[in-house]
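Novice:
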Amino acid sequence: MGEKKLDKSSLIGMGVIAALLFWMMYSSKSTDTSKETEEKAKTETAATNKTSDIDHLVKNANDTAVNPQLKAALGAFAYSATLPSVKGKDVKVTNDLITITFSNKGGYIKEIEVNNVKRISKHSDELVKIIKDNNSKLNLQFQSKDNRVYNTNDLYFEPTLAKEGENQIVSMKLKTSETAYLEYRYVIKPKEYMLDFSIRTVGLSNIVDGSKTAELEWQLKAYRNEKSISYENRYVEIAYEHDSGKDDYLSATSKFEEKTISEVSYVAFKQHFFSSILLTDTPFKTTSLKSQNLVSDEKLDTVFTKDFNAKMPLEFKGGELSYNMNLYFGPSDYDILKGYKRNLEQTMPLGWGIFGWINKFLFIPVFGFLVKFIPHGIAIIVLTILVRLVMSPITYKSYVSQAKMKVIRPEVAEINEKFKNDPMKKQQETMKLYSKAGVNPMAGCIPGLLQIPIFYALFQFFPSAFDLRQKSFLWADDLSSYDNVLNLPFYIPFYGNHVSLFPILASIAIFFYMKMTTGDQAQMTTPQEGMPDMSKIMKIMIYISPLMMLFFFNNYASGLSLYYFISNLITIGIMYVIKNKIVKEDKIKAKIEENKTKERPKSKFQRKMEEMMEQAQQQKANQNKK
C-alpha cells in the first residue's frame, strides 16, 4: 500500500487539538494552584481566628472555674491561662548591656535590645534589637498521653521575677495545677550577654507521654542592622559545634541549605556583628538546621537578611524533662565570646588553618592593644606600618632577585637567540647561566607567596572586627562599612549606587605599586615558543588589578580599603628606597661576574634537572638518527 501523507487540513486540525489539550492542562494546573493557595489562606485565617478566639477566652477567663471552651482549646494547661498574673504585663529586665522583654504567651523572649548600640548609623536614634515584632520564637512541642499535641507558643505561662544576689531570675511556668508545671527559667547576670536557661517539668509524668521525645524548635529571622546589605549578608550564617568540639557552619551564600547533625552542643544564629547562641550542657542527639536567604534583590532595601531554624529533640527521663542550657544575645566580638570559654570564638570567620592562627595570635591582640590608646583609624595605620616593616626583608629579597634577573637579561636573550631552534638546549644553557651567576629565578616569587597568608588573614580580620563598627575616621563615618562620598541616582552592576573614596585611593596606590614591580618583571620576561607572551599579560594586569580592586571593595569595609591604601603607599616608599638608595645595579653586576669565576657546588635538584635534560636531549638525538 502507498504511504499516506498529511495534508494541510490535517496539520491544522492536529494543531488545534494540541492547543486545546494544552489549554485544558494549563487551566487544570491553574485551578489546582488556585485551590492550593485558597486552602492555605483558609488554614492561615483559621489559625489566626483560633488564636484570636483563645486570646479572647484567656482575657475573660475566671480563675474560680475553667471555661469549657478554654478547656477544650488548651486541655490540661487551661488552668495556667486562668491565673490572674497571666493577664498582666510582659516582664522586662535589664543588666546594663541588654534589655530583655519576656512574653507570658509562649514563655519566651519577646524583645532584646542591645543597650547603647545604634542600628546602621551611630547618628541614628534606633538601638539594635536582635529580637522584636515576633521575628524569633522558641517552641517546645510535646504529646500528651491522650495523643494531644501541645505547642508552648500557643500556651500561657505564669511569670515571676525574683532576685538572687545580683542575679535576676525570670521564671515562666506553664501549669496544670499549683504543683505540676513546665518551667522556663532564665537567669540574667549583671553586665553579661549570656543568660542561664533551663527547661524542666515537675509532676507532668501522668499527663505528658514520656515515651516520645519533645521537639525544641528555635527560629530567628535576622534583622538587617548595617549599611550595606550585600556586605552584611556575606557574614550572616548558622554556626554550630558538634561531636565534642568540632565546629562547622551552613553556607552564608546559599539561597537555601539544610543539614542534620548529631551531638550538637551549641547552635549560633550569627548576624554580621551580633549573634544569638543556644548552648546546652547535654548535647542534642540530633539537630536539624535550616538557613534561607531572604534578600532577593541587593539593590533594594530589606528588613531581614536570613531565616534561621533549628530543631532539637529533648528526651524525657522518668517521665520528666530536665535540660540546663544558656542563651547568648550580643556582639560577635572575639574577645567577649572567647571569655566564656565555651569555644564560641570559633563562630568568628577568621579563616582556616594558618590564616586563623595569624588573626587569633597576632592581629587581634595587637589591634586590641592599639585601640586602647589611639583612635581606630590611626590604629589601622599603625598596624599597617608594623606589618610592612615586618615584611620589608621579604620585599628587599624580592627586589634584589628582580635586579639580578635584570642584569643577566642580555645574556639570557643571547642564549634564546642562539638556541631558538633547540628548546631543550636553550633551557639547559639558561639554567647553567643561573647557576654560575648565583641567580635563583624563583627567588622573586617566593617572597610574594609568603605574603599571601598575611594578605588573606587581614582580609578576614577587618570584616570580623566588632571594634570598627561605627568608628569614624576622616570622611568615613563607619570603618566597618563603606565610606560613601557620593550617592549615585542609578545602580552600576558589581559596583553599587554610591562612590567610596578609600577604594579609589587604594586602587591608585596599587596601580603605581604594580607599575614599579610588575612592569620590571614584564620587561625581564622572555617569550617562550608555544606559550603565551607573559610580558603582555603582566602589562595588562597593571591596569586590570586596580580596576578590580575599585569594583570589589566599593561595598566593603572602609577600614579594609584604608589598610590596603596605606600598605601600598608604604610598600612604594620602601621599594623606592631599596631601588635608589640601597641596591645598586653596578654592584649587583660586579657580584654576578665574581660568582661566574667561582666554582659553585650544585644542589641535588640542579644535578637531577641537568641529568634529565641530558637524557631527553640524547633520546631526541637518537630519534633523529633513525
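Counting in the UniProt record's numbering, the sequence shown runs from 1 upward without gaps.
All residues carry an ideal CB built from backbone N, CA and C; glycine is no exception.
#1: Judging by CA-CA distance, which residue of V407, V264 and S480 is the nearest neighbour of D467?
#2: Helix, strand or coil: how does DSSP classify S254 here?
#3: Tell me D307's beta-bridge partners as DSSP assigns them.
#4: Rounded to whole angstroms, what is the Cα-Cα separation between S228 and T384?
#5: Under 8 Å by Cβ, that's how I've got P546 and S507 pegged, so tell me the actual separation to the nearest angstrom.
#6: Would you say F142 faces chain C, with C-beta separation under 8 Å as the test?
#7: Would you kindly report the start and end of the unbroken beta strand (DSSP E) that includes Q143?
#8: What would DSSP say about P283, mapped onto helix, strand or coil?
#9: Which complete alpha helix (DSSP H) runs does the segment 352-411 hold, if anything under 4 residues is left out?
#10: Taking T94 as the reference, give the member of A465, V170 and E414 with the closest Cα.
#11: Along the chain, where does the beta strand (DSSP E) containing I199 start, and where does it finish?
#12: Tell me which residue opens and which closes the beta strand (DSSP E) that G319 is part of.
#13: Hey, is the segment 327-334 in contact with the segment 187-198, meaning 3+ C-beta pairs nearer than 8 Å?
#14: Residues in its own chain within less than 8 Å of A379 by CB, not counting five upstream and five downstream?
#15: Could you tell me which residues DSSP pairs with P68 in its beta bridges?
#16: Along the chain, where does the beta strand (DSSP E) that runs through K212 open and close?
#17: Where does T176 sit, in a helix, a strand or coil, going by DSSP?
#18: Assuming contact is defined by CB atoms lying nearer than 8 Å, are G107 and T152 in contact in what I supplied?
#19: Residues in its own chain within less than 8 Å of P375 by CB, not counting five upstream and five downstream?
#20: To the nearest whole angstrom, what separates the beta carbons of F502 and L569, a pair I think is in contact under 8 Å?
#21: Return the chain-ordered list of same chain residues with a C-beta closer than 6 Å to the C-beta of N497, the five sequence neighbours on each side being excluded.
#22: Check whether the segment 267-274 and the segment 332-339 are in contact - that is, three or more C-beta pairs closer than 8 Å.
#23: Identify every residue that forms a DSSP beta bridge with V114.
#24: Exposed or buried, which one is G351 when buried takes at least 16 other CB atoms within 10 Å?
#25: How long is the line joining the alpha carbons of L161 and V91, rounded to whole angstroms?
#26: Report yes if the C-beta distance between F494 and F551 is below 8 Å; otherwise report no.
#27: When you compare only the Cα positions, how much space is there between D146 and G210?
#28: Excluding the 5 residues preceding and the 5 following P159 in the sequence, name in chain order all residues of the same chain whose CB lies nearer than 6 Å to its CB.
#29: Kindly indicate the opening and closing residues of the beta strand (DSSP E) around T152.
#30: Based on the DSSP secondary-structure assignment, which residues constitute the bridge partners of L474?
#31: How should S262 be labelled, buried or exposed, when 16 other C-beta atoms within 10 angstroms of its C-beta is the threshold for buried?
#32: Could you compute how far the alpha carbon of E164 sits from the alpha carbon of F461?
#33: If I131 sits next to I98, beta carbons under 8 Å apart, how far is it from one beta carbon to the other, in whole angstroms?
#34: In terms of DSSP beta bridges, what is E183 paired with?
#35: Apart from the five residues just before and just after N139, which ones in its own chain have a Cβ nearer than 6 Å to its Cβ?
#36: Output the residue ranges of the alpha helix (DSSP H) runs that lie fully inside the segment 325-352 and measure 4 residues or longer, sorted by chain position.
Specialist: With the structure as the only source:
#1: S480
#2: coil
#3: K221 and Q292
#4: 25 Å
#5: 4 Å
#6: No chain C appears in this structure, which consists of one protein chain only.
#7: S136 to Q143
#8: strand
#9: 354-358, 364-370 and 376-407
#10: V170
#11: M194 to V202
#12: Element bounds for G319: n/a, residue is neither H nor E.
#13: yes
#14: F367, L370 and V371
#15: P68 pairs with nothing; no bridge assigned.
#16: No beta strand (DSSP E) contains K212, which DSSP labels as neither H nor E.
#17: coil
#18: yes
#19: K471 and F473
#20: About 12 Å separates the two Cβ atoms, so there is no contact after all.
#21: L488 and Y491
#22: yes
#23: I98
#24: buried
#25: 8 Å
#26: yes
#27: 12 Å
#28: V91, N104 and M172
#29: Where T152 is concerned, there is no enclosing beta strand (DSSP E), given that its DSSP letter is neither H nor E.
#30: DSSP lists no partner for L474.
#31: exposed
#32: 40 Å
#33: That belief does not hold up - the Cβ atoms of I131 and I98 are roughly 10 Å apart, past 8 Å.
#34: K173 and R200
#35: N151, T152, N153 and E217
#36: 334-339
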